[in-house]
């Protein structure tokens, strides 16, 4: 039974509620019954629930914009645009330009759900044990390696549409036009879709990494008996 508990705690820990689901599955197994495959299947289901919950948090209004850990800031190329606009009295336009970039990320991040679920479905028993015995960000690295290319492909068209949907392209067209009309500045033409796509992915993995490390190192974050039992073994 102890080895079954070890399998379950892949610390992609948007899954606190998911582990409660898995606890029920494990508790309902006969003491000597079940197989690694059965336990891994229960784990995957629990992780799916956790992924949905975690992505939903970022997908809410201000999920990115009000969270300083993941808020999308301006790239270096556009920081001078921001400063110049504020110097000529267009600070409100600059503020709106930053907000709509984050709105596009919030609108698009839901696309991560099926991609993460697919990666979790492909998790093997060996993957599970490697993650459990790995460093503080082993689960994050696993998911990043498995999903980054797919996330990029899925996010780019969604973010392009989202930039239109939230009015970002129109606002940034005004911003760039006004900036490029200022005498003596070097004109800019940033690829906002590419930039916001990358920052959205970065924000997702910041959340994954922070939660994983918290569960591994913070006793107070182990909010279920199963979490406490499993991670007592690694302390």
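Residue numbers (mature numbering (1 follows the signal peptide of the UniProt record, and there is no 0)): -20 to -1, 1 to 215. Don't be surprised by glycine CBs; every beta carbon is placed ideally from N, CA and C. All of these numbers come straight from a predicted model, not from anything done at the bench.
The three-state reading of DSSP puts residue 47 in coil, since its state is none of H, G, I, E or B. The DSSP-derived three-state label of residue 169 is coil.
Under the three-state reduction of DSSP, residue 97 is assigned to helix.
Boundaries of the alpha helix (DSSP H) harbouring residue 62: 56 to 67, taken from the DSSP string.
Within the region 76 to 128, complete alpha helix (DSSP H) segments of at least 4 residues are found at 92 to 101, 105 to 112, given in chain order.
DSSP places residue 39 in the helix class (H, G or I) of the three-state scheme. Linking residue 106 to residue 65 through their CA atoms gives a straight-line distance of about 54 Å. A Cβ-Cβ contact shorter than 9 Å links residue 148 with residue 81. The beta carbon of residue 125 sits closer than 7 Å to none of the beta carbons in its chain outside the five residues before and after it. Note on geometry: alpha-carbon atoms of residue 89 and residue 187 lie some 13 Å from one another. Residue burial annotation: residue 71 is exposed, with fewer than 16 other C-beta atoms found within 10 angstroms of its C-beta. By the Cβ test, the region 48 to 64 is not in contact with the region 126 to 134, since fewer than three Cβ pairs between them sit closer than 8 Å. The C-alpha of residue 102 is placed about 23 Å away from the C-alpha of residue 180.
At a Cβ-Cβ threshold of 9 Å, residue 85 and residue 183 count as neighbours.
If the five residues before and after residue 146 are omitted, its C-beta is found closer than 7 Å to the C-beta atoms of 80, 83, 84, 87, all from its own chain and listed in chain order. With contacts defined as CB atoms closer than 9 Å, residue 35 and residue 92 qualify as a contacting pair. Within a 10 Å sphere around the beta-carbon of residue 38 sit 16 or more other beta-carbons, which makes this residue buried.
Residue 152 and residue 167 have their C-alpha atoms roughly 14 Å apart. Under the 10 Å beta carbon count, residue 46 is surrounded by fewer than 16 other beta carbons and is classified as exposed.
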